[in-house]
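Student: Numbering (our numbering), first residue to last: 1 to 219.
We put the beta carbon where it would ideally sit given N, CA and C, even for glycine.
After the structure tokens below, expect a handful of questions from me.
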């Protein structure tokens, strides 16, 4: 319950905004997956033919430039591409994407990615112990990314630059890069910048054929 004095317009506005946010969290989105951008990000076309960018909750998949980035994306494509999904909204991220649990044919896509060794449990946000058990199972069986001797979690890759790839292949760090106003391939300085704008900023105009590869003259 929001309590405020009659003269406190700011408190009233804050209360209303909180109510809107609460109503969105836990709501359900249904639609068809039209694109898989990486191992934890998809585009869903809803009943109104709107494209919605969705970030799978509780997991973090390899970033572009990391080992197993392509394998993780391919795994999620096999699970979801072209299929009808149900998304349980959990939150929204800094890029305006829906963060949610994604289900298809009774399968939790986030959990399945972890089980296959195609994503880490995102410890900063995960609460469901089933995810941690699935990750431990994948680690023990050396599935997917766990076949590497020293796999680097994507949050370390983003924030510390710990990777075997050359710097030219890294996406701009989330801690320093911001989504600007660029919307066209002609404005991109490199393939890496185009990937950042597609994967992190959700600029779909860079990937007109929906194959997850932006600005194909660059990439």
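Output the distance between the C-alpha atoms of residue 145 and residue 57, rounded to the nearest integer angstrom.
Tutor: What you label residue 145 is simply residue 145 of the chain shown in a count that begins at 1. What you label residue 57 is simply residue 57 of the chain shown in a count that begins at 1. Each residue's alpha carbon lies about 19 Å from the other.
Student: Using only the alpha-carbon positions, how far apart do residue 152 and residue 124 sit?
Tutor: Here residue 152 corresponds to residue number 152 of the chain shown, with the count starting at 1. Here residue 124 corresponds to residue number 124 of the chain shown, with the count starting at 1. Each residue's alpha carbon lies about 16 Å from the other.
Student: Assign residue 129 to buried or exposed, taking buried as 16 or more other Cβ atoms, counted over all protein chains shown, within 10 Å of its Cβ.
Tutor: Mapped onto the chain shown, residue 129 falls at position 129. Looking at its Cβ environment, which holds fewer than 16 other Cβ atoms inside 10 Å, residue 129 is exposed.
Student: Under a Cβ-count criterion, where at least 16 other Cβ atoms within 10 Å of its own Cβ denotes burial, should residue 47 be classed as buried or exposed?
Tutor: For the purposes of this step, residue 47 is taken as the residue at position 47 of the chain shown. Exposed, because fewer than 16 other Cβ atoms sit within 10 Å of the Cβ of residue 47.
Student: What residue ranges within the stretch 67–104 form continuous alpha helix (DSSP H) runs of no fewer than 4 residues, ordered along the chain?
Tutor: 69–80
Student: Give me the residue from 76, 191, 82 and 136 with the minimum Cα distance to residue 65.
Tutor: Stepping through the chain shown from its first residue, residue 65 is reached at position 65. Among 76, 191, 82 and 136, the Cα nearest to that of residue 65 is on 191.
Student: According to DSSP, is residue 65 helix, strand or coil?
Tutor: As a working note, residue 65 is residue 65 in the chain shown. It is coil, neither helix nor strand.
Student: Considering only the beta carbon of each residue, do residue 73 and residue 36 sit closer than 7 Å?
Tutor: Locating residue 73 in the chain shown gives position 73, counting from the first residue. Locating residue 36 in the chain shown gives position 36, counting from the first residue. Yes, these two residues count as a Cβ contact at 7 Å.
Student: Would the beta-carbon of residue 54 fall within 7 Å of that of residue 100?
Tutor: In the chain shown, the residue the question calls residue 54 occupies position 54. In the chain shown, the residue the question calls residue 100 occupies position 100. With respect to residue 100, residue 54 sits close: the two C-beta atoms are nearer than 7 Å.
Student: For residue 149 and residue 50, I'd like the C-alpha separation in whole angstroms.
Tutor: The residue labelled residue 149 in the question sits at position 149 within the chain shown. The residue labelled residue 50 in the question sits at position 50 within the chain shown. Cα to Cα, the separation comes out at about 42 Å.
Student: For residue 199 versus residue 68, is the C-beta distance shorter than 7 Å?
Tutor: The count along the chain shown starts at 1 and reaches residue 199 at position 199. The count along the chain shown starts at 1 and reaches residue 68 at position 68. It is not a contact, given that the beta carbons lie outside the stated cut-off.
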